[in-house]
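Protein sequence lines, in the order shown, are assigned to chains U and A.
Per UniProt numbering, residue 1 is the first one in the first sequence, and the count goes up by one each step.
Per UniProt numbering, residue 1 is the first one in the second sequence, and the count goes up by one each step.
Note that the Cβ used here is the ideal one computed from N, Cα and C, for glycine as well.
Remember, predicted model here, so these are calculated numbers, not experimental data.
This report refers to the structure that appears directly beneath it.
Number of protein chains: 2
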Amino acid sequence: MTTNQEEVKLLGATGSPFVCRVQIALKLKEIEYKFVEENLVNKSELLLKYNPIYKKVPVFVHNDKPIIESLVILEYIDEIWKQNPILPSDPYQRSLARFWSKFIDDKIVLASSKSVFTIDEKEREKHIEESTEALQILENELKGKFFGGEEINFVDIAAVFIAFWIPLVQDIADLQLFTDEKFPKLYNWSQEFLNHPVVKQNLPPRDPLFAFFKARYDGLLAASK
Amino acid sequence: MTTNQEEVKLLGATGSPFVCRVQIALKLKEIEYKFVEENLVNKSELLLKYNPIYKKVPVFVHNDKPIIESLVILEYIDEIWKQNPILPSDPYQRSLARFWSKFIDDKIVLASSKSVFTIDEKEREKHIEESTEALQILENELKGKFFGGEEINFVDIAAVFIAFWIPLVQDIADLQLFTDEKFPKLYNWSQEFLNHPVVKQNLPPRDPLFAFFKARYDGLLAASK
């Protein structure tokens, strides 16, 4: 779908939910691209050149022009490649998609991570409460098979963190943050979403990622003793 | 510019930088709208109905459909009313505008507020350092008269917080966060921006706002003693 002149590159790191968002979007649009795996312990010159402010992945590079922030990248991809739109065409529906994606980033990503990676019991309870409240709001919002209706859209892609990362990290801490019983609609959505062919082939392998987070969790526990 | 059938309403509160963003955008586009002043101590039924999640202003209401989050509202307004565009037409430039507006929200708004409204000296120093660093990054980014070049765009509107609110609250704490000497380009920008006819007539009156923040600051100081 890209011309010979085009350079489409993604600086990423396997295991990052934000990188995964971009991978899903590119695959949905059937864009060929070069994936450059970054070592986040020893960042490449390229990463520092393209993202001197945050020095983080993902960085999407299109004809030598870098784009940063996963949701900004998704908007860009949707504007450049029109096939299989990920934002709705109706302006009001677009605004809702932007709102809910921001809601996921502001209210769910950090709070649910901290629900696992926090030692202080009281602090941790607070994060669990916050995540639960936000997940409940999202549960109430989900009307169809996907947030995009019959097809995956912007919000579904943003919510890959909920479908894949939360179940993974909650297992490490034996936490019941996101379960079938608590959020039946959201849970069903997550199963549909994870089994979508495009999503499925773009998820990182679970075991090494589990081991990575487990080591981090154990390190945190050890340091607190 | 609106038809008789249209209802365009803004639930706001004078003195909110996020509401001010929407007011500037609407004025730039010459959209007539009804401003509903909210009492944030005693929130209206309408606000609770339209924004049950955050219960905050601004809420932009277009034909009974509520839109929340100031930057999401700006995108919506720009999509619905095409005159005097606030986002660039080029997709890459659009992505940059989205990136920098998010940067302002993520890195400057909170850190600079906390540079004033924090009692603990060490914490406060940390916020001042963070704000200074972020303002420096923005200073380096500014190339023309406005972030939008010769005309005000999305980033300029998002940055109204820097032009109007930071100078106001820093005076309360006798803080030199954003000055001509430290950030000459950004400071010049702020003067151009504040004197732009559309911006000028949409800024809240300074004195009552100063008194409001001063009372908050004094209350904080008193409570810490």
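Tell me the DSSP bridge mates of residue i?
i, result
"F117 (chain U)", "DSSP, once it has assigned bridges, lists no residue as partnering F117 (chain U)."
"I53 (chain A)", "None, per the DSSP bridge assignment."
"V61 (chain A)", "A:K9 and A:P66"
"F35 (chain U)", "U:L10"
"G149 (chain U)", "U:F146"
What distance in whole Å lies between the Cβ atoms of residue j and residue i, which are believed to be in contact at a cut-off of 8 Å?
i, j, result
"Y10 (chain U)", "I152 (chain U)", "The question names Tyr, but residue 10 (chain U) is Leu in the sequence shown. Contact flag wrong, Cβ pair sits at about 19 Å."
"P58 (chain U)", "V19 (chain U)", "4 Å"
"L186 (chain A)", "L142 (chain A)", "6 Å"
"W165 (chain A)", "P17 (chain A)", "5 Å"
"F212 (chain U)", "I172 (chain U)", "With a Cβ gap of about 10 Å, F212 (chain U) and I172 (chain U) do not count as contacting."
"A159 (chain A)", "I104 (chain A)", "6 Å"
"F210 (chain A)", "L168 (chain A)", "6 Å"
"F60 (chain A)", "Y76 (chain A)", "7 Å"
"G15 (chain A)", "E37 (chain A)", "Not really, about 10 Å apart at Cβ, beyond 8 Å."
"F117 (chain U)", "Y217 (chain U)", "7 Å"
"A111 (chain U)", "A97 (chain U)", "Not a contact, Cβ separation roughly 21 Å."
"F154 (chain U)", "I86 (chain U)", "5 Å"
Exposed or buried, residue i, counting other C-beta atoms within 10 Å across all chains shown (16 or more means buried)?
i, result
"P204 (chain U)", "buried"
"G219 (chain U)", "exposed"
"L221 (chain A)", "exposed"
"D78 (chain A)", "buried"
"K225 (chain U)", "exposed"
"I170 (chain A)", "First, the amino acid is wrong: residue 170 (chain A) is Gln here, not Ile. Buried, since its Cβ has 16 or more Cβ neighbours within 10 Å."
"M1 (chain A)", "Summary for M1 (chain A): the model assigns pLDDT 49, below 50, so the residue's position carries little reliability; its value from the coordinates is reported in the next sentence. When all chains shown are included, M1 (chain A) counts as exposed."
"K122 (chain A)", "exposed"
"L71 (chain A)", "buried"
"E69 (chain U)", "buried"
"S89 (chain A)", "exposed"
"residue 230 (chain U)", "Nothing can be reported for residue 230 (chain U), as the shown portion of chain U is limited to 1 through 225."
"D156 (chain U)", "buried"
"V41 (chain U)", "exposed"
"L47 (chain U)", "buried"
"A215 (chain A)", "exposed"
"I119 (chain A)", "exposed"
"N202 (chain A)", "buried"
Going by alpha carbons, who is nearest to residue i out of the options?
i, options, result
"K114 (chain A)", "A:E130, A:I104 and A:D218", "A:E130"
"residue 227 (chain A)", "A:G149, A:Y50, A:Y33 and A:I108", "Residue 227 (chain A) lies beyond the stretch modelled for chain A, which goes from 1 to 225, so this question has no answer here."
"K145 (chain U)", "U:S190, U:A13, U:L40 and U:L46", "U:S190"
"G149 (chain U)", "U:V41, U:F193 and U:E75", "U:F193"
"I80 (chain U)", "A:H196, A:R94 and A:L46", "A:R94"
"Q23 (chain U)", "U:K214, U:V199 and U:N51", "U:V199"
"H62 (chain A)", "A:L74, A:F147, A:Y54 and A:K55", "A:L74"
"I108 (chain A)", "A:P91, A:I128, A:P184 and A:D90", "A:I128"
"P52 (chain U)", "A:S101, A:L138, A:V116 and A:N42", "A:L138"
"D180 (chain A)", "A:L87, A:Q136 and A:P197", "A:Q136"
"K43 (chain U)", "U:F35, U:T132 and U:K56", "U:K56"
"F183 (chain U)", "U:Y54, U:Q83, U:K102 and U:A163", "U:A163"
"R21 (chain U)", "U:P197, U:F161, U:D106 and U:A223", "U:F161"
"K102 (chain A)", "U:K82, U:Q83, U:R124 and U:Y54", "U:Y54"
"N84 (chain U)", "U:P208, U:P197 and U:E30", "U:E30"
"N188 (chain A)", "A:P197, A:E125, A:P208 and A:F147", "A:F147"
"D64 (chain A)", "U:D64, U:P208, U:K82 and U:Y92", "U:Y92"
Could you name the residues of chain B that residue i contacts, counting a contact when the two beta carbons are closer than 9 Å?
i, result
"E79 (chain U)", "The structure shown contains no chain B; the protein chains it does contain are U and A."
Inset, instruction - Taking a Cβ distance cut-off of 9 Å, strictly less, list which residues of the region 88-103 of chain A are near chain U, in chain order. - result: P91, Y92, R94, S95, L96, R98, F99, K102 and F103
Inset, instruction - Please list the residues of the region 104-124 of chain U that have a C-beta atom closer than 8 Å to any C-beta atom in chain A, keeping them in chain order. - result: none
Legend entry - Within 9 Å of chain U by C-beta, residues of the region 152-176 of chain A in sequence order: none
Legend entry - Against chain U: residues of the region 54-76 of chain A by CB proximity under 7 Å: K65, I67, I68, E69, V72, E75 and Y76
Inset, instruction - For the region 126-151 of chain U, enumerate the residues whose C-beta is nearer than 7 Å to any C-beta of chain A, in chain order. - result: I137
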